[in-house]
Amino acid sequence: MEIIKVENLSKKYVLNRKKANNTLRDIFTNFFRPAGKSVKNERILWALRDINFSVGEGETVGLVGNNGAGKSTLLKILSQIIKPTGGEAVLHGRVGSLLEVGTGFHQELSGRENIFLNGAVLGMKRTEIEKKFDEIVAFSEIEKFLDTPVKFYSSGMYMRLAFAIAAHLEPEILMVDEVLAVGDLAFQRKCLNKMRDVSQHGRTVLFVSHNMQAITRLCSRAIWIENGEIKQDAPAKDVVSNYLNSQSETSSEKVWRSSPDAPGNEIARLRRVRVFDEKDNKDSAFDIRRPVFVEITYQVLQNEQILMPSFEIYNEESVCVFTSNDLDKTWRNKPRTKGIYTSTARIPANFLAEGNFFVSVSLATYEPLNVHFAERDAVAFLIIDSLDGDSARGDFGGQINGVVRPILDWETKFVE
Amino acid sequence: MKEENYIINQNLPENITSVVSTTIIKPRTSLASFDFREIWRYRELFYLLVWRDLKVRYKQTFLGVLWAVLQPALTAAIFTIVFSRIAKYEPSDVPYWLFALSGFTFWTFISSSVTFASNSLIHHKELVTKVFFPRIIVPASAVGAYFSDLLLTLVILFAGILISGIALTFKVLFVPLFLLFLLILTVSVSLLLAALMVRFRDVKFITPFFLQVWLFISPVFYPSVWLPEKWRYVFALNPVTGCLNGFRYVLFGTPFDVINLLISVAVTVVLFVGALIIFRRMEDDFADLL
Chain A
4 MEIIKVENLS KKYVLNRKKA NNTLRDIFTN FFRPAGKSVK NERILWALRD
54 INFSVGEGET VGLVGNNGAG KSTLLKILSQ IIKPTGGEAV LHGRVGSLLE
104 VGTGFHQELS GRENIFLNGA VLGMKRTEIE KKFDEIVAFS EIEKFLDTPV
154 KFYSSGMYMR LAFAIAAHLE PEILMVDEVL AVGDLAFQRK CLNKMRDVSQ
204 HGRTVLFVSH NMQAITRLCS RAIWIENGEI KQDAPAKDVV SNYLNSQSET
254 SSEKVWRSSP DAPGNEIARL RRVRVFDEKD NKDSAFDIRR PVFVEITYQV
304 LQNEQILMPS FEIYNEESVC VFTSNDLDKT WRNKPRTKGI YTSTARIPAN
354 FLAEGNFFVS VSLATYEPLN VHFAERDAVA FLIIDSLDGD SARGDFGGQI
404 NGVVRPILDW ETKFVE
Chain B
118 MKEENYIINQ NLPENITSVV STTIIKPRTS LASFDFREIW RYRELFYLLV
168 WRDLKVRYKQ TFLGVLWAVL QPALTAAIFT IVFSRIAKYE PSDVPYWLFA
218 LSGFTFWTFI SSSVTFASNS LIHHKELVTK VFFPRIIVPA SAVGAYFSDL
268 LLTLVILFAG ILISGIALTF KVLFVPLFLL FLLILTVSVS LLLAALMVRF
318 RDVKFITPFF LQVWLFISPV FYPSVWLPEK WRYVFALNPV TGCLNGFRYV
368 LFGTPFDVIN LLISVAVTVV LFVGALIIFR RMEDDFADLL
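Sequences listed follow chains A and B, in order.
Its first residue numbered 4, the first sequence is counted upward by one per residue in the working numbering.
Its first residue numbered 118, the second sequence is counted upward by one per residue in the working numbering.
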């Protein structure tokens, strides 16, 4: 069943109108301006243009795109905060939207009072809030400060309380805009788990975030919005990888066509670096459960060279996850003739953690030491760990620490 | 925006029958109508906003809720000193201080509510731009939060009537009607100014001036009989005239004119309907303009 149906939805803003018509003075000056000589300094901005999509029951859809692309405008229209200029949207079910955490909180009121106030702002009935009161307090972990005005709360306590209220809203359609950008890691983990619970209870979720890992983890599908239009509407993994590719200069493949530009020296030059999987995927997002291959193609320009290709993998925090040398016996410590070579390494499945990785490649001769080329961050790729239960994350939906994520052999015995 | 409710059997874990509401979002049309059912659904938010304003208003003040009474009482006292001591004027059998107190009981409610409510949408910008609810709740709750102050002042006014020995008649039973009149009048002006303020911030500067002029053309601290006979019906176009004259009639039995009252009621009805229509037509743009 279609829970959300959006047809040709558009939102137009006329810029400079604020300047031209917002005070009485402007009205008067415009009134006395000769007809036909009206100010033409208006600029029209389409925040959204002909947006079409529908969302089924229980679907979790992520909205990705740059700032100002129209994601928040879309959520605001679907939350009935602003009116569209054209088109139509039909929603079946109670809508709960969380465009900001803690809207309507009053600094002078206590935590207890704010739970009722904020609950009402979000559209909850008093009886509903009373029923869930203990749960909300337990989730927020602020029992001791329940009767303290929130102005004395730390920002962490404030956020926890605010999210706890929103998380217990239980609408049929939940819209969330970037609320996970705040708060510490433990809090974010808690929120993501809660949102996962919500979507697993058959509720429909629309989720805006710049956290691509959260999108791939929570959403089955994603919509990429650019300049007010839908650029792609596909499985989350595909959309996220395309989006990330468009964002970064580095993609999963890099080719140097002319030799003067290519890294290298008179002995060897780099020609191509690429990362791919068994399916020879062209995009740069790979499933954690499948091996990934790093391939280095280079041209050897002189005979009788002993060469050692190698690469390093860095994660988003610039931590070197590992270094790998080519130990293939065919060419190890053996002189090579001129020509083009490819060296391919297989990174096993269930090894790297999820996230973005950067590959630095190099080619060297060790005796005497001569580095022919060392290209930092030549290519990048993304590892995705979706919630299917057969990866190392198991059934846990939150953030997992660690630069690697292997599946280990576990054995549990009953002792007594 | 249209809401239809129908019953369907959902696959909820408890397998209960639940009411699913369908929301249709469309561009603004010129024939926008007020959805009173929707406003009714959000009544709890209205109560909570009123309660919050009350709770916060007198926090960290020394005299607290006494201020609600002190404002009209002190103003009435000042006018009493000026008029009954210097000008030696007593309008009727009613002592002037009581006459002035009855006037400022109503007037303080009007001026406080209008001042507070006209700023309310801007003050609650965060709510208006981040959450959906009928926007009328914001200025309405601002007025609602001063209604309790009015009730408190009325207690003082009745105490004053008892002290001065004026005998109340059965007509006092009509007091609630005039309170309703006052409330509708105040809500109308508040809605109008609050909506206009979002678009034209000039309203912020005009409001205090407007209230000052309004006070002087209203029989708050002087009786209507002071006004020239031929202008009496013109002054009745100001709804405060009919409202206050009627209120004083049921309390003190001061002179009262029915046509006068009817004119004021008619103006208020027009004002109220007009304010609702204008507010409704402007509210769709609030979130974009704020």
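C-beta: ideal position from N, C-alpha, C; glycine also.
Values in this document were obtained by computation on a predicted structure and should not be read as measured data.
Taking only runs of the beta strand (DSSP E) that begin and end inside the region 84-150 of chain A, which ones reach a length of at least 3 residues, in chain order?
89-95, 98-101
For the beta strand (DSSP E) that contains Lys8 of chain A, what are its first and last residues?
Counting from 1 along the first sequence, the entry for residue 8 of chain A is found at position 5. Where Lys8 of chain A is concerned, the enclosing beta strand (DSSP E) stretches over 5-18.
Less than 8 Å between the CB atoms is what I'm expecting for Pro238 of chain A and Ser223 of chain A, so what's the real figure, rounded?
The residue you call residue 238 of chain A lines up with position 235 of the first sequence. The residue you call residue 223 of chain A lines up with position 220 of the first sequence. Correct: roughly 7 Å between the Cβ atoms.
Measure the CB-CB distance between Gly107 of chain A and Val248 of chain B and report whether it falls below 8 Å.
Taking the first residue of the first sequence as position 1, residue 107 of chain A is located at position 104. Taking the first residue of the second sequence as position 1, residue 248 of chain B is located at position 131. In terms of Cβ geometry, Gly107 of chain A and Val248 of chain B form a close pair [threshold 8 Å].
Return the chain-ordered list of same chain residues with a C-beta closer than 7 Å to the C-beta of Pro420 of chain A, the five sequence neighbours on each side being excluded.
Nothing about residue 420 of chain A can be reported from this structure: the residues present for chain A run from 4 to 419 only.
Skipping 5 residues on each side, what residues in its chain have a beta carbon closer than 6 Å to that of Phe399 of chain A?
The count along the first sequence starts at 1 and reaches residue 399 of chain A at position 396. For Phe399 of chain A, where only same-chain residues beyond five positions count, there are no Cβ hits under 6 Å.
Could you name the residues of chain B that Ala92 of chain A contacts, counting a contact when the two beta carbons are closer than 9 Å?
One-based indexing of the first sequence puts residue 92 of chain A at position 89. Residues of chain B with a Cβ closer than 9 Å to the Cβ of Ala92 of chain A are, in chain order, Thr140, Ile141, Ile142, Lys143.
Roughly how many whole angstroms lie between the Cα atoms of Gly261 of chain B and Ser138 of chain B?
Locating residue 261 of chain B in the second sequence gives position 144, counting from the first residue. Locating residue 138 of chain B in the second sequence gives position 21, counting from the first residue. Near 29 Å, if we compare the C-alpha coordinates of Ser138 of chain B and Gly261 of chain B.
Looking at chain A, which residues of the region 211-245 of chain B have a Cβ within less than 7 Å of any of its Cβ atoms?
Glu243, Leu244
Helix, strand or coil for Ile410 of chain A per DSSP?
The sequence position of residue 410 of chain A within the first sequence is 407, counting from 1. Ile410 of chain A: coil per DSSP, three-state reduction.
Where Val304 of chain B and Glu111 of chain A are concerned, what is the direct C-alpha to C-alpha distance, given to the nearest angstrom?
Within the second sequence, residue 304 of chain B is the residue found at index 187, counting from 1. Within the first sequence, residue 111 of chain A is the residue found at index 108, counting from 1. Computed Cα separation, rounded: 27 Å.
How far does the alpha helix (DSSP H) with Ser327 of chain A in it extend, from its first residue to its last?
For the purposes of this step, residue 327 of chain A is taken as residue 324 along the first sequence, with counting starting at 1. Counting along the chain, Ser327 of chain A falls outside any alpha helix (DSSP H), though it belongs to the beta strand (DSSP E) covering 323-328.
Out of B:Phe389, B:Leu238, B:Phe179, B:Gln188, state which residue places its alpha-carbon closest to the alpha-carbon of Leu302 of chain B.
Taking the second sequence and counting its residues from 1, one reaches residue 302 of chain B at position 185. Comparing Cα-Cα distances from Leu302 of chain B to each of B:Phe389, B:Leu238, B:Phe179, B:Gln188, the minimum goes to B:Phe389.
On the CB-based measure, 16 or more other CB atoms within 10 Å of its CB, does Ala257 of chain B come out buried or exposed?
Position 140 of the second sequence, counting from 1, holds the residue named residue 257 of chain B. Its Cβ being crowded by 16 or more others within 10 Å, Ala257 of chain B is buried.
What residue from B:Lys321, B:Leu290, B:Arg160 has the CA that sits closest to Thr232 of chain B's CA?
By 1-based counting over the second sequence, the position of residue 232 of chain B is 115. For Thr232 of chain B, the nearest C-alpha among the options comes from B:Lys321.
Comparing the C-beta of Ala404 of chain B with each C-beta of chain A, is any distance below 8 Å?
Here residue 404 of chain B refers to the residue found at position 287 when the second sequence is read from its first residue. Output row for Ala404 of chain B: interface = yes.
Out of curiosity, what's the CA-to-CA distance linking Gln180 of chain B and Gln188 of chain B?
Stepping through the second sequence from its first residue, residue 180 of chain B is reached at position 63. Stepping through the second sequence from its first residue, residue 188 of chain B is reached at position 71. One detail in the question is off: residue 180 of chain B reads as Leu in this sequence, not Gln. Cα to Cα, the separation comes out at about 12 Å.
Any contact of the region 336-343 of chain A with the region 291-311 of chain A, i.e. 3+ C-beta pairs under 8 Å?
yes
Specify the secondary structure class of Ala381 of chain A as computed by DSSP and reduced to three states.
The residue labelled residue 381 of chain A in the question sits at position 378 within the first sequence. Correct three-state label for Ala381 of chain A: strand.
So, is Ile133 of chain B buried or exposed, given that buried needs 16 or more other C-beta atoms within 10 angstroms?
Residue 133 of chain B sits at position 16 when you count from the first residue of the second sequence. Per-residue confidence for Ile133 of chain B stands at a pLDDT of 34, beneath the threshold of 50, marking its modelled position as unreliable; no derived number is given.
From which residue to which residue does the alpha helix (DSSP H) around Trp343 of chain B run?
Counting from 1 along the second sequence, the entry for residue 343 of chain B is found at position 226. Looking at the DSSP string, Trp343 of chain B is not in any alpha helix (DSSP H), and its letter there is neither H nor E.
Quick one: using the 10 Å Cβ neighbour count with 16 as the cut-off for buried, is Gln216 of chain A buried or exposed?
Counting from 1 along the first sequence, the entry for residue 216 of chain A is found at position 213. It is buried - the Cβ of Gln216 of chain A has at least 16 other Cβ atoms within 10 Å.
What are the start and end residues of the beta strand (DSSP E) that includes Trp49 of chain A?
Within the first sequence, residue 49 of chain A is the residue found at index 46, counting from 1. First-last of the beta strand (DSSP E) with Trp49 of chain A: 46-59.
What residues match up with Ala193 of chain B in a beta bridge as DSSP calls it?
On the second sequence, residue 193 of chain B is found 76 positions in, with the first residue counted as 1. In DSSP, Ala193 of chain B forms no bridge with anything.
Given a cut-off of 8 Å, decide if Ile233 of chain A and Val67 of chain A are closer than it, judged by their beta-carbon atoms.
For this step, residue 67 of chain A is matched to residue 64 along the first sequence. For this step, residue 233 of chain A is matched to residue 230 along the first sequence. Against a cut-off of 8 Å, the Cβ pair of Ile233 of chain A and Val67 of chain A comes out as no contact.
I want to see whether chain A comes within less than 8 Å of Val186 of chain B, judged by CB atoms only; does it?
Counting from one through the second sequence, the residue named residue 186 of chain B turns up at place 69. Output row for Val186 of chain B: interface = no.
Say whether chain B places a C-beta atom closer than 8 Å to the C-beta of His109 of chain A.
Here residue 109 of chain A is taken as the residue at index 106 of the first sequence, counted from 1. Yes, His109 of chain A lies at the interface with chain B (some Cβ there is under 8 Å from its Cβ).
When burial is assigned at 16 or more other CB atoms within 10 Å of the CB, is Gln203 of chain A buried or exposed?
Taking the first residue of the first sequence as 1, we reach residue 203 of chain A at position 200. The residue is exposed, with fewer than 16 neighbouring Cβ atoms inside 10 Å.
Could you run through the region 343-372 of chain B and flag, in chain order, every residue whose CB is less than 8 Å away from some CB of chain A?
none
Below 6 Å CB to CB, which residues in the same chain sit around Phe317 of chain B once its five sequence neighbours on both sides are set aside?
Here residue 317 of chain B refers to the residue found at position 200 of the second sequence. Cβ neighbours of Phe317 of chain B beyond the five flanking positions: none.
Tell me whether Ala397 of chain A is buried or exposed, calling it buried when 16 or more other Cβ atoms sit within 10 Å of its Cβ.
Start at 1 with the first residue of the first sequence, and residue 397 of chain A comes out as number 394. Looking at the sequence provided, one finds Gly at residue 397 of chain A rather than Ala. Its Cβ having fewer than 16 others within 10 Å, Gly397 of chain A is exposed.
Please look up how many angstroms separate the CB atoms of Ile142 of chain B and Ala92 of chain A, rounded, as I've assumed it's under 8 Å.
By one-based count along the second sequence, residue 142 of chain B stands at place 25. By one-based count along the first sequence, residue 92 of chain A stands at place 89. Indeed, because the Cβ distance is near 4 Å, the residues count as touching under 8 Å.
Go through its chain and collect everything with a Cβ distance to Phe295 of chain B's Cβ below 8 Å, but skip five positions before and after it.
Residue 295 of chain B sits at position 178 when you count from the first residue of the second sequence. So the qualifying residues of the chain are Cys360, Gly363, Phe364, Val367.
State the DSSP-derived secondary structure class of Pro256 of chain B, mapped to helix, strand or coil.
For the purposes of this step, residue 256 of chain B is taken as residue 139 along the second sequence, with counting starting at 1. In the structure shown, the three-state DSSP call for Pro256 of chain B is helix.
Are the Cβ atoms of Asp388 of chain A and Ile316 of chain A separated by less than 8 Å?
As a working note, residue 388 of chain A is residue 385 in the first sequence. As a working note, residue 316 of chain A is residue 313 in the first sequence. In this structure, Ile316 of chain A does not lie closer than 8 Å to Asp388 of chain A by Cβ.
Using the beta-carbon of each residue, which ones in chain A are nearer than 8 Å to Glu155 of chain B?
Position 38 of the second sequence, counting from 1, holds the residue named residue 155 of chain B. Under the 8 Å cutoff, chain A gives no residues; its nearest Cβ is about 10 Å from Glu155 of chain B.
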